[in-house]
Amino acid sequence: MATDTAERGPYHILLVEDNPGDVELTREIIEESEHDASVVVVGDGEPAMMYLRQEGEYARADRPDLILLDLNLPMKDGLEVLKEMAADESLSTIPVMILTGTEAEESLLESYNIPVSRFSRKPIELSRFNDVVSWLDNPAAHRPIVAPPPPPPAPESKKKWWWPF
Numbered sequence: 002m003a004t005d006t007a008e009r010g011p012y013h014i015l016l017v018e019d020n021p022g023d024v025e026l027t028r029e030i031i032e033e034s035e036h037d038a039s040v041v042v043v044g045d046g047e048p049a050m051m052y053l054r055q056e057g058e059y060a061r062a063d064r065p066d067l068i069l070l071d072l073n074l075p076m077k078d079g080l081e082v083l084k085e086m087a088a089d090e091s092l093s094t095i096p097v098m099i100l101t102g103t104e105a106e107e108s109l110l111e112s113y114n115i116p117v118s119r120f121s122r123k124p125i126e127l128s129r130f131n132d133v134v135s136w137l138d139n140p141a142a143h144r145p146i147v148a149p150p151p152p153p154p155a156p157e158s159k160k161k162w163w164w165p166f
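Next up, the structure:
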């Protein structure tokens with residue numbers, strides 16, 4: 002249960018997780034945390050993007066303060082969600098904590114240069130969750146987790162420069 006130590010709240014959390022057991026464990030951790038938080042759960046990346054874009058049944062959805070995102074989702078996986086968020090200026094600064102289930106997933110995240118501070122093994126531990134929520138109060142933390150794709154390279158000049166010496 003949330004306590005009076007929360008600096009602000011309630012925090013609005015979007016949990017993107019398809020496993021009911023992991024959803025329940027994550028909810029329990031959040032309830033035990035020192036922060037006042039409300040949780041909305043969606044089971045896949047497609048409804049997560051609809052929620053974030055306030056489309057369809059999510060037209061009146063609140064912008065989350067934090068997204069807890071499973072990587073391994075049935076239709077649209079977590080990496081696809083991250084890429085879409087990175088490409089959308091209005092979504093790219095929403096803080097994301099990626100929830101992984103395996104070392105292979107952690108290696109994949111590292112290959113994308115995603116900092117270790119941005120992912121956690123499932124289920125997230127209470128102390129880790131408290132750290133992440135405290136981190137939300139730091140405006141510098143609200144940076145894109147995955148950089149948008151770089152622009153295409155400019156065409157090379159046809160004129161070649163060379164030095165005679």
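One rule links them: number in the working numbering = place in the sequence shown (from 1) + 1.
From the three backbone atoms N, C-alpha and C, an ideal C-beta is built for every residue, glycine too.
These numbers come from a predicted model, not from an experiment.
Expected contact under 8 Å - CB spacing of residue i and residue j to nearest Å
i, j, result
"Ile-99", "Leu-70", "5 Å"
"Val-82", "Met-50", "6 Å"
Buried or exposed (CB count within 10 angstroms, at least 16 for buried), residue i
i, result
"Lys-159", "Low per-residue confidence applies at Lys-159: pLDDT is 48, beneath 50, and the placement is therefore not dependable, though the value from the model is reported in the following sentence. By the 10 Å Cβ count, Lys-159 comes out exposed."
"Thr-94", "exposed"
"Pro-124", "buried"
"Gly-79", "buried"
"Leu-53", "buried"
"Pro-151", "With a pLDDT of 48 at Pro-151, under the threshold of 50, the modelled position of that residue is not reliable, and the figure given next carries that caveat. Classification of Pro-151: exposed, given that the 10 Å Cβ count is below 16."
"Pro-11", "exposed"
"Ala-60", "exposed"
"Ala-148", "Unreliable positioning characterises Ala-148 in this predicted model, as indicated by a pLDDT of 45, which lies under 50. The coordinate reading is nonetheless provided below. Classification for Ala-148: exposed."
"Pro-96", "buried"
"Pro-21", "exposed"
"Pro-48", "buried"
Paired residues, beta bridge with residue i - DSSP
i, result
"Thr-101", "Arg-122"
"Ser-39", "His-13"
"Ile-68", "Leu-15, Val-97"
Distance CB(residue i)-CB(residue j) smaller than 8 Å
i, j, result
"Lys-77", "Gly-46", "yes"
"Val-24", "Glu-33", "no"
"Arg-129", "Ser-135", "no"
"Asp-66", "His-13", "yes"
"Ile-31", "Val-40", "yes"
"Val-42", "Leu-16", "yes"
"Asn-131", "His-36", "yes"
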